[in-house]
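Structure record follows, encoded as structure tokens.
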Amino acid sequence: AQSVTQLDSQVPVFEEAPVELRCNYSSSVSVYLFWYVQYPNQGLQLLLKYLSGSTLVESINGFEAEFNKSQTSFHLRKPSVHISDTAEYFCAVRARGGGNKLTFGTGTQLKVEL
Amino acid sequence: GAGVSQSPSNKVTEKGKDVELRCDPISGHTALYWYRQSLGQGLEFLIYFQGNSAPDKSGLPSDRFSAERTGGSVSTLTIQRTQQEDSAVYLCASSLAGLSSYEQYFGPGTRLTVT
Chain A
711 AQSVTQLDSQ
721 VPVFEEAPVE
731 LRCNYSSSVS
741 VYLFWYVQYP
751 NQGLQLLLKY
761 LSGSTLVESI
771 NGFEAEFNKS
781 QTSFHLRKPS
791 VHISDTAEYF
801 CAVRARGGGN
811 KLTFGTGTQL
821 KVEL
Chain B
1162 GAGVSQSPSN
1172 KVTEKGKDVE
1182 LRCDPISGHT
1192 ALYWYRQSLG
1202 QGLEFLIYFQ
1212 GNSAPDKSGL
1222 PSDRFSAERT
1232 GGSVSTLTIQ
1242 RTQQEDSAVY
1252 LCASSLAGLS
1262 SYEQYFGPGT
1272 RLTVT
């Protein structure tokens, strides 16, 4: 079984400031890792994923996440946030090799202020 | 192209009534998933359909919950004798099979309120 912990339920940040959203996971097997984003009044969208290879993955809108196996973490970072980044961010894992269900964290509400 | 659609978008029902929630996946997606998003509890996996295989029902919280998928496309999630703790947003997702199955596409959800 897998579990995902997002310790920060809310993260307020000023525009153009850097941000880090934390994600830690627990699993007895190797996993794939994902960040999904839910903008206000919209459905969940895949932001980025780690499947294999380079442990640093990037999204098209400037977010990046780094898989750290020893710390079982997959923190999401952006060096300079924009108002439009205001959304809820969910970290998720999926076991490799079988079963397609995603196990999600409880989400982090990112609020970008002027 | 069309994304995953769900209906109704909102449903208010009285405790004890049965409800049906519908999901239309993306055309060509063979895998379909149901999740529940409760306040403060993140997203919880409910059930997963893949082609003609037996569904993975391991996430269904009780025998009041059931789901079917007809013709490998549309799916219906049924909750019998609804309880107040069933109030949540029910999300449907679909994906391709095989190596592309890692990316799940989510619908807008059905907000269920049990009074």
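Protein chains in written order, with our numbering: chain A, 711 to 824; chain B, 1162 to 1276.
Beta carbons are placed, not taken as given, at the ideal position from N, Cα and C, and that holds for glycine.
Small disclaimer: the values here were computed from a predicted structure and weren't measured.
Nearest to B/Gln1241 by alpha carbon, out of B/Ala1192, B/Asp1217, B/Ala1249, B/Lys1176?
-> By one-based count along the second sequence, residue 1241 of chain B stands at place 80. For B/Gln1241, the nearest C-alpha among the options comes from B/Lys1176.
Short check: CB of A/Arg806 to CB of A/Val741, under 8 angstroms?
-> In the first sequence, residue 806 of chain A corresponds to position 96, counting from 1. In the first sequence, residue 741 of chain A corresponds to position 31, counting from 1. Yes, these two residues count as a Cβ contact at 8 angstroms.
Alpha carbon of B/Gly1201 to alpha carbon of A/Trp745, nearest angstrom = Indexing the second sequence from 1 puts residue 1201 of chain B at position 40. Indexing the first sequence from 1 puts residue 745 of chain A at position 35. Roughly 18 angstroms between the two C-alpha positions.
Kindly indicate if chain A contains any beta-carbon less than 8 angstroms away from that of B/Phe1210.
-> As a position in the second sequence, residue 1210 of chain B is number 49, starting the count at 1. False, the Cβ-Cβ gap to chain A never drops below 8 angstroms.
In or out: A/Val822 buried (at least 16 other Cβ within 10 Å) or exposed?
-> To locate residue 822 of chain A, count along the first sequence from 1; it is residue 112. Burial call: buried.
What span of residues does the beta strand (DSSP E) with A/Tyr735 cover, start to end?
-> Position 25 of the first sequence, counted from the start, is the residue given in the question as residue 735 of chain A. Unbroken beta strand (DSSP E) run through A/Tyr735: 734-737.
Per DSSP, cross-strand counterpart(s) of A/Pro722 = Looking up residue 722 of chain A in the first sequence gives position 12. Bridge partners of A/Pro722: A/Lys821.
Beta-bridge pairing of B/Ala1249 - partner residues as DSSP gives them | Position 88 of the second sequence, counted from the start, is the residue given in the question as residue 1249 of chain B. B/Ala1249 is bridged to B/Leu1273.
Straight-line gap, B/Gly1189 to A/Leu824 (C-alpha atoms, nearest Å) | If you number the second sequence from 1, residue 1189 of chain B lands on position 28. If you number the first sequence from 1, residue 824 of chain A lands on position 114. Their backbone Cα atoms lie some 43 angstroms apart in a straight line.
Assigned exposure category for A/Gln752 - 16 Cβ within 10 Å defines buried = The residue labelled residue 752 of chain A in the question sits at position 42 within the first sequence. Flag for A/Gln752 reads exposed.
Spell out whether any CB of chain B is found under 8 angstroms from the CB atom of A/Phe773.
-> By one-based count along the first sequence, residue 773 of chain A stands at place 63. For A/Phe773, the answer is no, since every Cβ of chain B falls outside 8 angstroms of its Cβ.
What residues of chain B sit near A/Arg804, judged by a beta carbon separation below 8 angstroms?
-> Start at 1 with the first residue of the first sequence, and residue 804 of chain A comes out as number 94. Ordered by position in chain B, the residues that pass the 8 angstroms Cβ test against A/Arg804 are Tyr1263.
Taking A/His785 as part of the beta strand (DSSP E), name the residues at either end of that continuous run.
-> Locating residue 785 of chain A in the first sequence gives position 75, where the first residue counts as 1. First-last of the beta strand (DSSP E) with A/His785: 783-788.
Proximal residues to B/Val1235 (C-beta, below 6 angstroms), its chain only, five neighbours per side dropped | By one-based count along the second sequence, residue 1235 of chain B stands at place 74. Once the five neighbours on either side are set aside, the close Cβ partners of B/Val1235 are Asp1185.
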